[in-house]
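Comments concern the structure below.
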Amino acid sequence: MSMIEREDILFNWTEPIYMNFTHVGIMNKMDSIFRTKVNGQLVGRIYGDIYVHECPSELELELEPLPNNEATIQHLKLANVKDIHDLYPARDIESAELFEKLMDQLPGFGVFSKSNDELAAWSLQSYYGGMFSMQTKPEFRRKGYGIQLAQALTKLVIQRGYVPFVVIRPENEASRGLYTKLGFRKAFESVRGTFKPYIYNVEDDKENEENQNQDSNLFVNEVGNDLAQVAVDVALNYIRKNPSLGLSVELLSVEGNRTDSKGLLESLCSKYSEALSSNRPPHVIFDTTLTGVSSETVKSISAALGIPTVSASTGQEGDLRQWRSLSTVKSNYLLQVMPPTDIIPEVIRAIVTYMNITNAAILYDESFVMDHKYKALLQNFPTRHVITAIGNDRDRAEQIEKLRNLDINNFFILGSFASIKKVLESAKREFFERNFAWHAITQYQGELSSNIDNATIMLLRPVSDSKSKDRLGVIRTTYNMKQEPQITTVFYFDLALRTFLAIKNILQVGAWPPNMKYLTCDEYDGTNSPNHTIDLKSAFIEVTEPTTYGPFEFPKGKTPFNGHSFMKFDMDISAVTIRGGASVSTKNLGKWEASLDNLLYVTSEDDMKNLTADIVYRVYTVVQEPFIIRDPTAPKGFKGYCIDLLDEIAKIVKFDYEIKEVEDGKFGNMNEKGEWNGIVRKLIDKQADIGLGSMSVMAERETVIDFTVPYYDLVGISIMMLLPSTPSSLFKFLTVLETNVWLCILAAYFFTSFLMWIFDRYSPYSYQNNREKYKNDDEKREFNIKECLWFCMTSLTPQGGGEAPKNLSGRLVAATWWLFGFIIIASYTANLAAFLTVSRLDTPVESLDDLSKQYKILYAPLNGSSAMTYFQRMADIEARFYEIWKEMSLNDSLTPVERSKLAVWDYPVSDKYTKMWQAMQEAGLPNSLDEAVERIRNSTSASGFAFLGDATDIRYKVLTNCDLQMVGEEFSRKPYAIAVQQGSPLKDQFNNAILMLLNKRQLEKLKEQWWKNDDIQSKCEKPDDQSDGISIQNIGGVFIVIFVGIGMACITLVFEFWYYKYRKNVKIIDVAEATEDKLGQKTSNLRLPNLKNEFGAMGQIKDDNQKTQSLRTRTQTLDANNFKSRF
């Protein structure tokens, strides 16, 4: 290039020069040389990226068949030239004849449809050897022809010994993706184009003068848009300083207020009429009004009067109300190109998509126009959002606080650096914590700074196209166009220059209508709008003047021009970290190519995730075991079934939460004024995102909040009472009779025994007083005091007392004792059986009906609970029905027949719930479940307190307390669900997560964990069952009696052994002496009247003497030691 610049002999600078896809740096240098040499210009510039195959040796050379066998690959023929040229994107530069010559020398292949031989795709290997060009019809690309054909041509190039490379235009994303899959990688940027020289001569001066006389334009701007005015002035200056453009512009200016439609209409019509009267009608209206009635006024006039217009107003196709339904003819000369301020907000959509943001607050200052973005910006996105202008200094902090109260934690600020700084400094310190995200989006160049302590802000700024940096620097320096924002100023400059050049080109080629009809505002009647055949759109697109900031993007195909045309540029994405009011670091995260639907290009996904606001939902709950249990050691301060459930949902939906206990401890009930309390109140006031706990789904709650699908079975109201407990005692058989009775029985026993001994001792007919009479009886029982006690004792047992006394008086005493004993034993046995069994059958209440019919046991539900609401409303319904019945029965207008029909019911509606509600109010409603349990424990089963509440709460209390029981069946069953705000998107997200957990049986596992875990259940004794026998606790005393008796017997045996072993031995000297003493005693006791007995006694004495003599003889032979040895 240096040699070309020095040596003129290499080029004929007066002739056009064509350069085909050379390095972009070479092309720019050539452009500079050409302008210097002959004041020429580069026209027809087309950019392309060179992609080279990385590993051609590894590519398999087997050609795969085309899909579905619908097409074949064939050699191209000359008959296919026209179809090839029609598919070629640069057909305006290269003619069909060129392809005819190329096809004679270079291999070419095409894909043809088998059905109609239609050319679907073609590829012609270039004369560069390794390069080939391929084009595919759009309707055939999705069938896979393109990638198959590209693979085939790549293999052919490799077979010829070349390294394949292709040229891909930057906007061709499809080709870039296709060749990347085949192993191609970008090598460098290239460009091709034609240089045309400018040769000054007199003919050109005349032509330029003629063109200058014909080129007249009308510039319409709005008050306050100073950037547009500066840019248009620079464009006019640029045209004057560059005569090679062959352009001279006469400009008439009109300025109007954005809100004053009438004033602008009058000014515009006046200026237009003035131009017509001077026979210099404007060729085009260059409109830089942004929005509002001023912009719509310009569009209305231009459409009505048929004046070609290029507008830089904001808005997409549907936002241009006056240009919504343009005819095909008018759409060719009424054009709109969106300014950067209209494209930059579209990056919010890309950020929301990338980060999956569910809520957003968008604040903007006067440098952005967002009036038309309210509906379209995040349309069809599941993102709650608010778009509002930045408040003034006094209201800004309150504005941010209100946005936060709407559960918004993602903030987007569109504005200048000064506006961004004000908003950041107005936010509270906690708004920069991990659950918030801040995004600063600006058109300006500079660095972000703010007086905040600690924050990381995502900053997005526009950057110019690398190909236009040199031109941008020249324009800004040469023409002093340094106003900010730079991108907007340069946009107006490029748009104005392109507009004027398009009109010039139309005039030069003679495409301007020679006898064009012009209407004044007064002549227009609403039906006589002219239709001109001016193809301003094509001329506008074909302008080849280089852009200063970025190239213009125009729609392809049938896509409307208006609302889809804009200037291309990139937005640089960076993370700015601020510490102590100063920016300490800026890290690049990627870029966004400005468009209506482009996504973010991120270089560091981890850093982007760090800038994402953590989704932290506010959860309010009520402690009720086992669903919610306080646990200071738990990560969130709570544990339980619902905590585990919410953690599982959080894993699926991807969020975090902070949980608090609601102050009043209520789930939520509505008072007579329609006001709510508890969790429901928090959800209504937007102070909570989620209501968690054993919260019943109720119809009145569903009118103000939403519930997810149930996560738990239907749960009703049940009754909790004290478990009946009979005190057990080992000596319970003794408690059957009172102590006084036992003492009386004992006294009767001793008295009867003593009386029997007296009767037997003094009765002449007793055995001991009448031995002769009973000497032949088998049983000879002498009832001394010991024997009497034994007889009375054994008489009480089934064994019986044995032989009764011989005397009649003694037998009467024995019979009386037997009768007494029979009655006592029978009464004792009956009472013992009843005492041990009847106490276990004590179940005074078994259902709600039993509870309502009795009056000893007090009962009540929890104050403010759903159970209380149920009974209260049931009582109210009964009262309402009673009033209806009363009105019907007391209606005098009823006929006898109608009254007889009502007489079937004595009382139409049961007053069960009315009485129960009254009883509950009298008993007093407990304020907490612990208070209810305490009242139950302080009661007895016969007369005490019963609690009515949720069956799950009662079931858990019974599970963890051995002294409580659940009575009766459940009633008024309702499901448990998670509560969310009305209309919250969390409802659908949680529904899907809960159903997923249900299908995976996770809910059953949670229920198993929190209801059947041994660590939770109390180790309770088995309650008495009616079918069970008498327990050892109640009858064990009998065995103690046995063991005590046996022990006493053992002690007695030991005593007897000791007594007979160690007692002192008495030596008998003369048995006769002892006998005499005895006989003497007996003789002295004889009575004289009883001679017969006395003689009988003498005979007995004689016998005794004989026996005594015999005894003495035997005694003398005994040895004391031998007697002792027997023991």
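In this text, residue positions in the sequence shown follow the numbering used here: the first is 42, and each later residue adds one.
Heads up, the beta-carbon is just placed ideally off N, CA and C, and yes, glycines get one too.
Just so it is clear, the structure is predicted and the values come from calculations on it, not from any experiment.
Query: Cα-Cα separation between E689 and K707, rounded to whole angstroms; Result: 25 Å
Query: Nonlocal neighbours in the same chain, by C-beta distance under 7 Å from L1038, ignoring five residues either side; Result: E689, L1044
Query: Close-in-space but distant-in-sequence residues of the same chain around F912 (CB under 7 Å, 5 per side omitted); Result: P902, Y954, M957, W958, M961
Query: Whether I619 touches S491 by CB criterion (8 Å); Result: yes
Query: Sub-8 Å separation of G398 and T424 beta-carbons; Result: For clarity, residue 398 is Ile in the given sequence; the question names Gly instead. Cβ distance < 8 Å, so I398 and T424 count as in contact.
Query: 8 Å Cβ cutoff met for S645 and T627; Result: no
Query: K123, buried or exposed, once every other Cβ within 10 Å from all chains shown has been counted against 16; Result: exposed
Query: For L268 and Q524, believed in contact at Cβ under 8 Å, the rounded distance; Result: 6 Å
Query: DSSP three-state assignment for S43, whether helix, strand or coil; Result: helix
Query: Given Y590 as reference, the closest of K650, E466, L513 once Cα atoms are compared; Result: L513
Query: Cβ of S408 within 8 Å of any chain D Cβ; Result: Of the protein chains in the structure, only one exists, and it is not chain D.
Query: Classification of D747 by the beta-carbon crowding that lies within 10 angstroms, buried from 16 upward; Result: buried
Query: Opening and closing residue of the alpha helix (DSSP H) in which L641 lies; Result: Element bounds for L641: not the alpha helix (DSSP H) but the beta strand (DSSP E), 641-643.
Query: Which of helix, strand or coil DSSP assigns to D406; Result: coil
Query: Under the three-state DSSP convention, the category E296 falls into; Result: strand
Query: Endpoints, the beta strand (DSSP E) within which S759 is located; Result: 753-763
Query: Residue environment, V1021, which counts as buried when at least 16 other CB atoms sit within 10 Å; Result: buried
Query: C-beta atoms of P967 and R976 nearer than 8 Å; Result: yes
Query: Buried or exposed by the 16-neighbour rule on C-beta atoms within 10 Å, applied to D246; Result: Since pLDDT at D246 reaches only 43, below the 50 mark, its modelled position is unreliable, and the value read off the structure follows with that caveat. Answer is exposed; the Cβ neighbour count stays below 16.
Query: K998 and M739 closer than 8 Å at C-beta; Result: no
Query: Exposed unless 16 or more other CB atoms sit within 10 angstroms - verdict on Y1100; Result: exposed
Query: Cβ-Cβ distance between V207 and Y88 below 8 Å; Result: no
Query: Beta bridge counterpart(s) of N629 as assigned by DSSP; Result: S615
Query: Candidates D535, V625, P571, P601, of which the one nearest E586 by Cα; Result: D535
Query: Nearest-angstrom beta carbon gap, I209 and L259 [assumed within contact, 8 Å]; Result: Actually they are not in contact, since the Cβ atoms of L259 and I209 sit about 42 Å apart, beyond 8 Å.
Query: Inter-stretch contact (C-beta, 8 Å, three-pair minimum) for the region 439-454 and the region 470-478; Result: yes
Query: Close beta carbons around D648, own chain, < 7 Å, minus the five adjacent residues each side; Result: A616, K628, L630
Query: E439 in three-state terms, based on DSSP; Result: helix
Query: Element boundaries [alpha helix (DSSP H), containing T355]; Result: Counting along the chain, T355 falls outside any alpha helix (DSSP H), and DSSP gives it neither H nor E.
Query: Extent of the continuous alpha helix (DSSP H) to which G333 belongs; Result: 333-346
Query: C-alpha distance - I431 paired with V464, whole-angstrom precision; Result: 8 Å
Query: For N400, three-class secondary structure by DSSP; Result: strand
Query: Cβ separation of L376 and T350, assumed to be a contact under 8 Å, to the nearest whole Å; Result: 7 Å
Query: Where M60 sits in the DSSP three-state scheme; Result: strand
Query: Spatial distance of I720 from I731 (CA atoms); Result: 9 Å
Query: N-terminal and C-terminal residue of the beta strand (DSSP E) that T662 is part of; Result: 657-662
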